[in-house]
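Peer 1: Under full-length UniProt numbering, the residues of the first sequence are numbered 1 to 367, in order.
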Amino acid sequence: MCHSQDRTPSEVGRDLVQWFLENQRDLPWRRDYSPYGVWVSEIMLQQTQVAAVVPYYLRWMKRFPDVPSLAAATEDEVLLYWEGLGYYSRARNLLKAARLVMERFGGRVPDTEADLRVLPGVGPYTASAILSLAYNRDVPVVDGNVERVAARLLDLDVSAKSPEGRREVLRAATQWLVPGKARFYNQALMELGAVICTPAHPKCLACPVAARCLALRHGTVENRPVRSPRPRWEELRVAIGVLRENGKIYIQKRPEGGLFAGLWEFPGGKALEAETPRVALVREMEEELGVRVKIVDKIGVVRHAYTRFRVTLHAYRCVPDPPGQIVRPRACAAWKWVRPSELDLFAFPAANRRLIQALRKAADAGS
DNA sequence: GAACCGTGGGA
DNA sequence: TTCCCAAGGTT
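1. List the residues that DSSP assigns as beta-bridge partners of residue 269.
2. Alpha carbon to alpha carbon, how far is residue 225 from residue 1? Give it in angstroms, no decimals.
3. Quick check: residue 290 and residue 327, are their CB atoms within less than 9 Å of each other?
4. Please check the pair residue 209 and residue 153, which I expect to be a contact at CB under 8 Å, by giving their CB distance rounded to whole angstroms.
5. Restricting to runs no shorter than 4 residues, where is the alpha helix (DSSP H) found entirely within the segment 28–70?
6. Excluding sequence positions up to five away, which residues of its chain have a Cβ less than 6 Å from the Cβ of residue 4?
7. Three-state secondary structure (DSSP) at residue 320?
8. Scan the segment 117–189 and note each continuous alpha helix (DSSP H) run of 4 residues or more that stays entirely inside, going in chain order.
9. Pull up the distance between the alpha-carbon of residue 147 and that of residue 266, whole angstroms please.
10. Among the candidates 51, 115, 228, 52, whose CA atom is the shortest distance from the CA of residue 157?
11. Count the other CB atoms, across all protein chains shown, that sit within 10 Å of the CB of residue 276; report buried if there are 16 or more and exposed otherwise.
12. For residue 411, which residues in the same chain have their Cβ closer than 8 Å to its Cβ, ignoring the five residues on either side in sequence?
13. Enumerated in chain order, which unbroken segments of the beta strand (DSSP E) with a length of 3 residues or greater are wholly contained in the segment 327–367?
14. Would residue 181 be called buried (16 or more neighbouring beta carbons within 10 Å of its own) or exposed?
15. What is the DSSP secondary structure of residue 13, counted as helix, strand or coil?
16. So who's on the other strand from residue 309, going by DSSP bridges?
17. Taking Cβ positions, are residue 119 and residue 97 nearer each other than 9 Å?
18. Can the beta-carbon of residue 347 be found less than 9 Å from the beta-carbon of residue 262?
19. Exposed or buried, what is residue 253 when buried is set at 16 or more other beta-carbons lying within 10 Å of its beta-carbon?
20. Would you please state the rounded distance, in angstroms, between the beta carbons of residue 83 and residue 339? I believe it to be under 8 Å.
21. Please report how far the alpha carbon of residue 8 lies from the alpha carbon of residue 25, in whole angstroms.
22. One question on the structure: do residue 67 and residue 102 come within less than 9 Å of each other, judged by their Cβ atoms?
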């Protein structure tokens, strides 16, 4: 049942290509399919929806229009342009890869699987996407959309992530591929998944290949692809401090590797069980900075959801007490005292950025 | 193989 | 509010 008996594979591909050419969304990276533009868009689109990417892509291409301009940039500026998109290692890897392309490939984005895979941040999907979308090579791509579309067309009764499921999806995507049209075929499969064959409430009435969809025929569309149970989130309380002295605010840079690597943040940390956020903040400032602080007032509470955590961020204004203490930060890549207006020059995690907005709003209202 | 790495939008 | 998860890669 999970092995398709469909012996008219190219018809699926041709129908998809025709549907795509008539119905595709007008997206900036579909303008000229330049290898660099395709590359940047594919990195931005990893685990990220089209609507979120478009404004970032336009701003990025204006500032870093080609490989040399990106390679010459600093990591801090690159992260600033990525701020808010998430998964920040993508930006750091893109910069490293651009420099590698300059050194090893003379500034030209590679056009072979092996060379592409040398670039940090380019895995199996992205390499195939660049080969097919930019160079129109006859290679299939398998992303979340393709997995879902294929799982439904085939009525796949095992997880698309399982070894068997992967094989079936890749086999189908390869079989349906229209030779010479990989650029449009691959995008058609993904576009269909994004617009028609959506995870919930798929629009089967508008689907160009509904007639060949085994899941639709069997009434199993809502159960395809088969999902594996997802792990639970962890609830976290975090205290965060905007430490101010002589009109400047203390910020620190996150170390290489791990969460928010290379981004700047306000100091603070997790509140222990049965510890109030205020007590936690005073403790963390002592531990992290070696500074005794006095809390002036509470700025507010920010709720934020990460993939594995739900965080309630308690933010406080505070000052060194007594004044004039020497700051000795531990476990951060760098630190700085900056004027409030300079906060826009550094990349912060989204929750920190929201805190900065709240700070500005309060300052405007106060004066 | 499994854990880790963000965010915002929609239902 | 709460839950889902989207054009994946790295370790």
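Ideal Cβ positions, reconstructed from N, Cα and C, are used throughout, including at glycine.
Peer 2: Taking the geometry as given:
1. Residue numbering aside, residue 269 sits at position 269 when the first sequence is read from its first letter. Residue 269 is bridged to 239.
2. By 1-based counting over the first sequence, the position of residue 1 is 1. By 1-based counting over the first sequence, the position of residue 225 is 225. Here residue 1 scores only 39 on pLDDT, less than 50, and its place in the model should not be relied on; the value that follows carries that caveat. If I take the Cα positions, the gap works out to 14 Å.
3. One-based indexing of the first sequence puts residue 290 at position 290. One-based indexing of the first sequence puts residue 327 at position 327. For residue 290 and residue 327, yes; Cβs fall inside 9 Å.
4. Residue mapping note: residue 209 aligns to position 209 of the first sequence, counting from 1. Residue mapping note: residue 153 aligns to position 153 of the first sequence, counting from 1. For residue 209 against residue 153, the beta-carbon gap comes to about 7 Å, under 8 Å, which counts as contact.
5. 35–44, 50–63
6. Taking the first sequence and counting its residues from 1, the one referred to as residue 4 is at position 4. Its pLDDT being 44, under 50, residue 4 is placed unreliably by the model, and the measurement read from it follows with that caveat. Taking C-beta separations shorter than 6 Å and ignoring five residues to either side along the sequence, the partners of residue 4 in its chain run 154, following chain order.
7. Counting from 1 along the first sequence, the entry for residue 320 is found at position 320. Three-state DSSP puts residue 320 in a strand.
8. Segments of the alpha helix (DSSP H) lying fully in the segment 117–189: 124–129, 144–154, 163–176.
9. The residue labelled residue 147 in the question sits at position 147 within the first sequence. The residue labelled residue 266 in the question sits at position 266 within the first sequence. Answer to the nearest angstrom: the Cα atoms are 40 Å apart.
10. The residue you call residue 157 lines up with position 157 of the first sequence. Among 51, 115, 228, 52, the Cα nearest to that of residue 157 belongs to 228.
11. One-based indexing of the first sequence puts residue 276 at position 276. The residue is exposed, with fewer than 16 neighbouring Cβ atoms inside 10 Å.
12. Only positions 1 to 367 of the chain appear in this structure, which leaves residue 411 out of reach.
13. If we require 3 residues or more, the beta strand (DSSP E) runs fully inside the segment 327–367 come out as 334–338.
14. Here the question's residue 181 lines up with position 181 in the first sequence. Burial call: buried.
15. In the first sequence, counting from the first residue as 1, residue 13 sits at position 13. Helix at residue 13.
16. For the purposes of this step, residue 309 is taken as residue 309 along the first sequence, with counting starting at 1. Under the DSSP definition of a beta bridge, residue 309 partners with 234.
17. Position 119 of the first sequence holds residue 119. Position 97 of the first sequence holds residue 97. Yes, the Cβ-Cβ distance between residue 119 and residue 97 is below 9 Å.
18. Position 347 of the first sequence holds residue 347. Position 262 of the first sequence holds residue 262. Yes; because the gap between Cβ atoms is below 9 Å, this pair is in contact.
19. Against the first sequence, residue 253 aligns to sequence position 253. Residue 253 comes out buried.
20. Against the first sequence, residue 83 aligns to sequence position 83. Against the first sequence, residue 339 aligns to sequence position 339. That pair is no contact at about 19 Å.
21. If you number the first sequence from 1, residue 8 lands on position 8. If you number the first sequence from 1, residue 25 lands on position 25. At residue 8, the pLDDT of 48 sits below 50, so the modelled position is not reliable and the matter cannot be decided from this model.
22. Against the first sequence, residue 67 aligns to sequence position 67. Against the first sequence, residue 102 aligns to sequence position 102. Yes, the pair counts as a contact, with Cβ atoms nearer than the cut-off.
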